[in-house]
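Asker:
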Amino acid sequence: MKTSLFSLACASAAILASANSGLYEVKEMGSQKFLHPMTYYQEKFAEWMALYDVKFESAEEQEQALLNFSEADDFIETHNSGSHSYSLGHNQFSHLSWDQFRDHKGIGVPMLERKSPLRRLPKNLRAFQVPESKDWRDEGAVTTVKNQEQCGSCWSFSATGAIEGAYFLKNGELVSFSEQMLVDCDYEDLGCNGGLMDNAFEWIEDNGGLCSEHAYPYIAKKESCRDWSCTPVSHSNPTGWVDIDQSEKALMEAVAQTPVAIAIEADQMAFQFYSDGVFTGSCGTSLDHGVLAVGYGKDESGQEYWIVKNSWGDSWGKDGYIYLEKGKDQEGGQCGLYLQASYPEMP
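Residue numbers -19 to -1, 1 to 328, in mature numbering (1 follows the signal peptide of the UniProt record, and there is no 0), belong to the letters of the sequence shown in order.
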């Protein structure tokens, strides 16, 4: 079985801004046609800048950002005027062109082989009676949505999310664990240039555990390892991890008992501006983003979904989450979420 060391800067969630203040006067916007007069976009763009506290270093930079924003606004309006199970909306990515958004993922890291054979599901998961719906947030097993910012560290957030859930289920305490410790110290992975959740689980196991977020805070850049500066949380070292079979049934059985680290392809404009509803949009299986499956369910129309926690802050998506289509008739599932799912086993 092959898997990827994420070929991404994992779609960073920070805004490009500068210390300058105020709006520059836009003289012209070229020959591109939009759905509305330019004054319409300028007013919305000014409101967006104020909401996200965005400033630009030059009139040229602001003009390009306004152009990108206008294109995004038309894309969002066109989608939302149709009949879809999900809606789009502006967010902190609205000033980025499609190419800029893709560049934030740092695509290009080669595929890797897993170090060990696929691990089998434990017997307790095989025999488990799977409920019709599950949401680990309701049971206190999920920390608040975090923000990886301009660092391709999504893999570390996916891994800590799975560790946080497993630790809670074992010890009855929800601890926010340190992504920065993984970024700095897990040399099998590439810090802000991508990584693999299984590698992170192995590092935590070998290290004897992971420090808390408070003890080793996130700074969104790779620095020298400071594992000497904190003491790992007691009983936070996994005894191993399970690579889940690539099927909906296997993932559902696993998510019914623990939050699960998964990988998806997030390389699409509709994903960039996802706001609400069940994402049924077209997406591939070229995995480039690590996230966390925290549940599943069904909406009022009967549409099934997976509840997926992202690491782009709570202003993206539905309070930082995306609801991905469940039951997708596609190899690997919606956006490839079955292909690289795993969870740690705690002592």
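Every residue, glycine too, gets a C-beta built ideally from N, C-alpha and C. Since this is a predicted model, take the numbers as computed values, not measurements.
Let's test the definition: count the other Cβ atoms within 10 Å of the Cβ of Glu183 and tell me whether it reaches 16, buried, or not, exposed.
Answerer: If you number the sequence shown from 1, residue 183 lands on position 202. So Glu183 ends up on the buried side.
Asker: Near Ser46, what residues of its chain come up, given a Cβ to Cβ distance below 6 angstroms and the 5 sequence neighbours on each side ignored?
Answerer: Your numbering for residue 46 matches position 65 in the sequence shown. The residue you asked about is not Ser; residue 46 is Ala in the sequence shown. His76, listed in sequence order.
Asker: Assuming Phe260 contacts Leu305 (C-beta within less than 8 angstroms), just tell me the rounded distance between them.
Answerer: Residue 260 sits at position 279 when you count from the first residue of the sequence shown. Residue 305 sits at position 324 when you count from the first residue of the sequence shown. The C-beta distance from Phe260 to Leu305 rounds to 5 angstroms, short enough to fall under 8 angstroms.
Asker: Mark Ile185 as exposed unless 16 or more other C-beta atoms lie within 10 angstroms of its C-beta, in which case mark it buried.
Answerer: Position 204 of the sequence shown, counting from 1, holds the residue named residue 185. Looking at its Cβ environment, which holds 16 or more other Cβ atoms inside 10 Å, Ile185 is buried.
Asker: If you drop the 5 nearest sequence neighbours on each side, which residues of the same chain put their C-beta closer than 7 angstroms to that of Lys309?
Answerer: For the purposes of this step, residue 309 is identified with residue 328 of the sequence shown, where counting begins at 1. Correct list, in chain order: Gln315.
Asker: Taking Cβ positions, are Ala322 and Ile243 nearer each other than 8 angstroms?
Answerer: As a first step, residue 322 is located in the sequence shown; it is residue number 341 there, counting from the start. As a first step, residue 243 is located in the sequence shown; it is residue number 262 there, counting from the start. Cβ distance < 8 angstroms, so Ala322 and Ile243 count as in contact.
Asker: 8 angstroms is my cut-off, CB to CB: does Val275 come that close to chain D?
Answerer: No chain D appears in the structure shown, which is made up of a single protein chain.
Asker: Could you spell out where the beta strand (DSSP E) holding Ser69 opens and where it closes?
Answerer: Residue mapping note: residue 69 aligns to position 88 of the sequence shown, counting from 1. The residue asked about is misnamed: residue 69 is Leu in this sequence, not Ser. DSSP places Leu69 in the uninterrupted beta strand (DSSP E) bounded by Tyr67 to Leu69.
Asker: On a Cα-Cα basis, can you pick out the residue from Ile200, Ser39 and His71 that is closest to Phe252?
Answerer: Translated into the one-based positions of the sequence shown, residue 252 becomes position 271. Measuring from the Cα of Phe252, the nearest candidate turns out to be His71.
Asker: Identify which residue in Gly278, Glu145 and Ile57 has its Cα closest to the Cα of Ala237.
Answerer: In the sequence shown, the residue the question calls residue 237 occupies position 256. The shortest C-alpha separation from Ala237 is found at Gly278.
Asker: If distances are taken between C-alpha atoms only, which option among Tyr168, Gln129, Gly142 and Cys135 comes closest to Gly121?
Answerer: As a first step, residue 121 is located in the sequence shown; it is residue number 140 there, counting from the start. Comparing Cα positions, the closest option is Gly142.
Asker: State the start and end residues of the unbroken alpha helix (DSSP H) segment that holds Asp295.
Answerer: Here residue 295 refers to the residue found at position 314 when the sequence shown is read from its first residue. That residue, Asp295, is in no alpha helix (DSSP H); it is neither H nor E in DSSP.
Asker: For Val259, report the span of its beta strand (DSSP E) as first-last.
Answerer: The sequence position of residue 259 within the sequence shown is 278, counting from 1. Per DSSP, Val259 belongs to the beta strand (DSSP E) from Tyr255 to Phe260.
Asker: Which of the three DSSP states, helix, strand or coil, is assigned to Lys151?
Answerer: Here the question's residue 151 lines up with position 170 in the sequence shown. Helix.
Asker: Grab me the residues of Ser276's own chain with a C-beta within less than 6 angstroms of its C-beta, minus the 5 sequence neighbours each way, in chain order.
Answerer: Position 295 of the sequence shown holds residue 276. Reading the sequence as shown, one finds Gly at residue 276 and not Ser. Answer for Gly276: Lys115, Asp116, Trp117 and Ile288, listed in chain order.
Asker: Are Lys202 and Cys264 close, meaning C-beta to C-beta below 8 angstroms?
Answerer: Within the sequence shown, the letter at position 221 stands for residue 202. Within the sequence shown, the letter at position 283 stands for residue 264. No, these two residues do not count as a Cβ contact at 8 angstroms.
Asker: Ile225 by DSSP, collapsed to three states: which one?
Answerer: Translated into positions along the sequence shown, residue 225 becomes position 244. The answer is coil: DSSP assigns Ile225 none of H, G, I, E or B.
Asker: What is the residue span of the beta strand (DSSP E) that Leu318 lies within?
Answerer: Mapped onto the sequence shown, residue 318 falls at position 337. Neither: Leu318 is in no beta strand (DSSP E) and is coded neither H nor E.
Asker: Could you tell me which of Pro325, Met327, His270 and Ser256 sits nearest to Ile57, measuring between CA atoms?
Answerer: For this step, residue 57 is matched to residue 76 along the sequence shown. Nearest C-alpha to Ile57: Ser256.
Asker: I'd like to check one pair, Ser134 with Ser159: are the Cβ atoms closer than 8 angstroms?
Answerer: Against the sequence shown, residue 159 aligns to sequence position 178. Against the sequence shown, residue 134 aligns to sequence position 153. No, Cβ-Cβ distance for Ser159 and Ser134 is not below 8 angstroms.
Asker: Find the nearest neighbour of Val223 within the set Gly153, Ile144 and Asn291, judged by alpha-carbon distance.
Answerer: Here residue 223 corresponds to residue number 242 of the sequence shown, with the count starting at 1. Out of Gly153, Ile144 and Asn291, Ile144 has the C-alpha closest to the C-alpha of Val223.
Asker: Take Cys206 and list the residues in its own chain whose beta-carbon comes closer than 7 angstroms to its own, dropping the five residues that flank it on each side.
Answerer: Taking the first residue of the sequence shown as position 1, residue 206 is located at position 225. So the qualifying residues of the chain are Asp165 and Cys166.
Asker: May I ask you to verify whether the stretch 285 to 301 touches the stretch 209 to 224, counting CB pairs closer than 8 angstroms and requiring at least 3?
Answerer: no
Asker: Between Gly189, Phe15 and Gly262, which lies nearest to Gln249 when the distance is taken from Cα to Cα?
Answerer: One-based indexing of the sequence shown puts residue 249 at position 268. Per the Cα distances, Gly262.
Asker: So the candidates are Leu191, Asn61 and Lys14; which of them puts its Cα closest to the Cα of Glu48?
Answerer: The residue labelled residue 48 in the question sits at position 67 within the sequence shown. Checking the sequence shown, residue 48 turns out to be Leu, not Glu. The option with the nearest alpha carbon to Leu48 is Lys14.
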